[in-house]
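J.:
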Amino acid sequence: MAEEMRIVLRNYGKIDPLNIEDYLKAGGYKGLEKARAMSQIDLINEVKKSGLRGRGGAGFNAGAKWSFSYNTGAEVKYVVCNADEGEPGTYKDRIIMENDPQSLLEGMAICGYAIGAQKGYIYCRGEYPYVVDILNQAIDQAKAKGVLGDFDIEVRMGAGAYVCGEETALIESIEGHRGEPRFKPPFPPVAGLWSNPTIVNNVETFANIPVILEKGADWYSSIGAKSYPGTKVLTLTGDVNNRIFIEVPTDTTIRQVIYDFGGGIPDNKKFKAVQIGGTSGGFIPESLLDTSIDFDSMSGIGAALGSGAVFVMDETRDIVDVVQRITKFFEHESCGKCTPCREGTKRMNEIICRLNSGQGLAYDLTTLEKLGRVMSVACLCGLGQAAPAPVLTTLKHFADDYSAHLN
Amino acid sequence: MSAYINIIQEYKDIPGGLIEAYHALQREYNYIPEDAIAEAAKIFGVSEARAYGVATFYSYFKVGERGRYVIRICESAPCHVAGAAEVVKALEQQLGIKMGETTGDGKFTLEFCECVGQCQATPVITVNSKPYLDVSPEKIPGILSECQ
Ligand SMILES: Cc1cc2nc3c(=O)[nH]c(=O)nc-3n(C[C@H](O)[C@H](O)[C@H](O)COP(=O)(O)O)c2cc1C
Ligand code: SF4
Ligand code: FES
């Protein structure tokens, strides 16, 4: 039986999140103290060596990213926390911020010191106004205690646009514009917010940082999968007995997640599919459940770890019906800046609707596949590139569901 | 009119403060009054088209009126398979309006939304941003009666 390991959620249920004294008593801000006693380069190397990779979906080595901003030597730099959490089925960043906001602030302050930034922003989704209140209280307390030193943190609220989770769209939004992704390069670590070097990291990524400093890079890199060490917070939804969140080492398998932690499928029904990483993730069939959840193993089976959402479907679910919900999502959330996505998401949804209503032809399946392949390479940002994944993976693994819908 | 100006003015000096100003307007009115867009454009020194473009980009903002209680139903996949459609049906029936509409007395507006991050207890609806969990048709009368 696999077991949980709480690193990011180390203080969950143990401290009063709205009392900084509790956090300090639990060893809080020791990591920042330690970081400030190091040189910036040593600090960045330590984070690099831990092997910590971004928890927001792209899986980039955090320390390596920081070094790009550090190396620019610009005077003004920014640290931005991506708390947009728009991926359906995901609520792990909320759990972290609600239960241990100071660990996020500490992680951001460590990053600020490492790259030489005095200002941080937390971009929190508009659906979480209550979390914005918690964060503001936590910031006030940290300022009153003086623990952040000369590092300032401000909370900005998103307004219900999924694409704003994409880092350059997020930056546009903080600047007060429509959240349309930018052309890259330049990448944000070199030219981001108001064209200054900007590190954007996910909430969970930042929350890992204080512990890494406290316990050391070697300790961290020895946990979980070698190429994507540490733990991952997962949220279980759909047809699973325990609809809970868990934090597990990254070498845990999908099967362990669904059966050991999730308690299996309700009402003695059979498993049919699981979609991991949120709505842009691939669908995974029974035969691949022994895959470990780490970033590279998931990519290896044509799926993604993404945000860590685990959406389980039992044998009674009609895959085409679920996929229709997903294609509608992408049509709605496409920002419209580039044609392959603006048009592609619309046509994809059109075809899936046709199939779902029993009007589809075999020809539609070929078109879907072709359209999906084009979108995944031709779209400007990750939204359009990932949008076809649910369609392509279900065409591959659940072809029978599609055939059943053909006219 | 001057009420808008006072609200918007407060965010004038914040870099990128336009979106924050819209949030503040919406906290006050539950929507962004059409006229306020023109005021915001003037105060932030951008064209009206641009100010309008920002307001309409974000699904959380609504330009033009809506009810005092905005009820949003999550239709993302986890809520969908948990029975969001039944909740929609019950709400439409009990309020006598369709999704996207506002009741004649201006009290309730029904809107679809995507995941609001409370997926531990699907289906989920929000009433003026407050989440209600594990919603079923039976729970709707109680939730509506809380809106006074
Ligand atoms: C459409 C889209 C939505 C995204 N949404 C999020 C999100 O909600 N939260 C997040 O942390 N990253 C999101 N990302 C990834 C970010 O662009 C970025 O890679 C991440 O914030 C970097 O932080 P990390 O390295 O700590 O993961 C999204 C990317 C795309 C393309
Ligand atoms: S891929 Fe879609 S969301 Fe991304 S820039 Fe193009 S239109 Fe916008
Ligand atoms: S899927 Fe409905 S709240 Fe997350």
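Protein chains in written order, with our numbering: chain A, 3 to 409; chain B, 49 to 196.
Even for Gly, the Cβ is constructed at its ideal location relative to N, Cα and C.
1. By a C-beta neighbour count over all protein chains shown, 10 Å radius and 16 as the cutoff for buried, is Arg75(B) buried or exposed?
2. Is any heavy atom of ligand 3 found at a distance shorter than 7 Å from the C-beta of Ser223(A)?
3. Whose Cβ in chain B lies nearer than 7 Å to the Cβ of Met40(A)?
4. Could you list which residues in chain A have their beta carbon closer than 7 Å to that of Ile67(B), in chain order?
5. Quick check: Thr281(A) and Pro90(A), are their CB atoms within less than 8 Å of each other?
6. What span of residues does the beta strand (DSSP E) with Ala275(A) cover, start to end?
7. Can you tell me whether Phe297(A) is buried or exposed, with buried defined as 16 or more other CB within 10 angstroms of its CB?
8. In chain order, what residues of the same chain lie with their CB nearer than 6 Å to the CB of Thr396(A), ignoring the 5 residues before and after it?
9. Taking Cβ-Cβ distances shorter than 8 Å, what residues in chain B pair up with Phe185(A)?
10. At a Cβ threshold of 8 Å, is Gly181(A) touching chain B?
11. Distance, Cα to Cα, Arg38(A) vs Val49(A)?
12. Is Glu166(B) close to ligand 3? I mean its beta-carbon at under 7 Å from any heavy atom of the ligand.
13. Report the option in Ala275(A), Ser309(A), Gly265(A) whose CA atom is closest to the CA atom of Gly167(A).
14. Any heavy atom of ligand 3 closer than 7 Å to the CB of Thr170(B)?
15. Using the C-alpha atoms, what's the distance from Asp153(B) back to Glu335(A)?
16. Does ligand 3 have a heavy atom nearer than 7 Å to the CB of Pro126(B)?
17. Starting from the beta carbon of Val195(B), find every residue of chain A whose beta carbon is closer than 7 Å, and list them in chain order.
18. In angstroms, rounded to a whole number, what distance separates the CA positions of Gly190(B) and Ile55(B)?
19. Counting only the same chain and skipping the five closest in sequence on each side, list residues whose C-beta sits under 7 Å from that of Glu2(A).
20. Please state whether DSSP places Phe263(A) in a helix, a strand or coil.
21. Less than 7 Å between C-beta atoms, sequence neighbours within five positions excluded: which residues of the same chain meet that for Thr170(A)?
22. Do Ala227(A) and Gly279(A) count as a contact pair if the criterion is CB distance below 8 Å?
23. Determine, using beta carbons only, whether Phe247(A) and Leu106(A) come nearer to each other than 8 Å.
24. In chain A, which residues lie with their C-beta within 7 Å of the C-beta of Ser107(B)?
25. Is Leu385(A) closer than 8 Å to Cys343(A) when the C-beta atoms are compared?
26. Is Pro392(A) near ligand 3, judged by its Cβ being under 7 Å from some heavy atom?
27. What residues from chain B crowd round Gly91(A), counting only those whose CB sits closer than 8 Å?
28. Measuring CA to CA, which of Trp68(A), Ser52(A), Ala306(A) is closest to Val192(A)?
29. Look at Lys51(A) and Ser223(A) and say whether their C-beta atoms are less than 8 Å apart.
30. Mind checking which residues open and close the beta strand (DSSP E) that includes Asp403(A)?
31. From the DSSP output, in three-state form, read off Ser230(A) for me.
32. Verify the contact flag: Ala64(A), CB atom, against every heavy atom of ligand 1, threshold strictly below 7 Å.
T.: Taking the coordinates as given:
1. exposed
2. no
3. Under the 7 Å cutoff, chain B gives no residues; its nearest Cβ is about 32 Å from Met40(A).
4. Ala161, Ser175, Gly178
5. yes
6. 273 to 278
7. buried
8. Phe285, Ile321, Val325
9. Correct list: empty, because the minimum Cβ distance to chain B is about 18 Å.
10. yes
11. 14 Å
12. The amino acid at residue 166(B) is misidentified as Glu; the sequence shows Gln. Checking the Cβ of Gln166(B) against ligand 3 gives yes.
13. Ser309(A)
14. yes
15. 31 Å
16. yes
17. Reading off the sequence, residue 195(B) comes out as Cys, not Val. Going along chain A, no residue has its Cβ under 7 Å from Cys195(B), so there is no contact; the nearest lies around 18 Å.
18. 34 Å
19. The question about residue 2(A) has no answer here: the residues shown for chain A are numbered 3 through 409.
20. helix
21. Pro183, Arg184, Lys186, Pro190
22. no
23. no
24. Gly162, Ala163
25. yes
26. no
27. Ser124, Ala125, Pro126, Cys163, Cys167
28. Trp68(A)
29. yes
30. That residue, Asp403(A), is in no beta strand (DSSP E); its alpha helix (DSSP H) goes 401 to 405.
31. Going by the sequence as given, residue 230(A) is Tyr instead of Ser. Three-state DSSP puts Tyr230(A) in a strand.
32. yes
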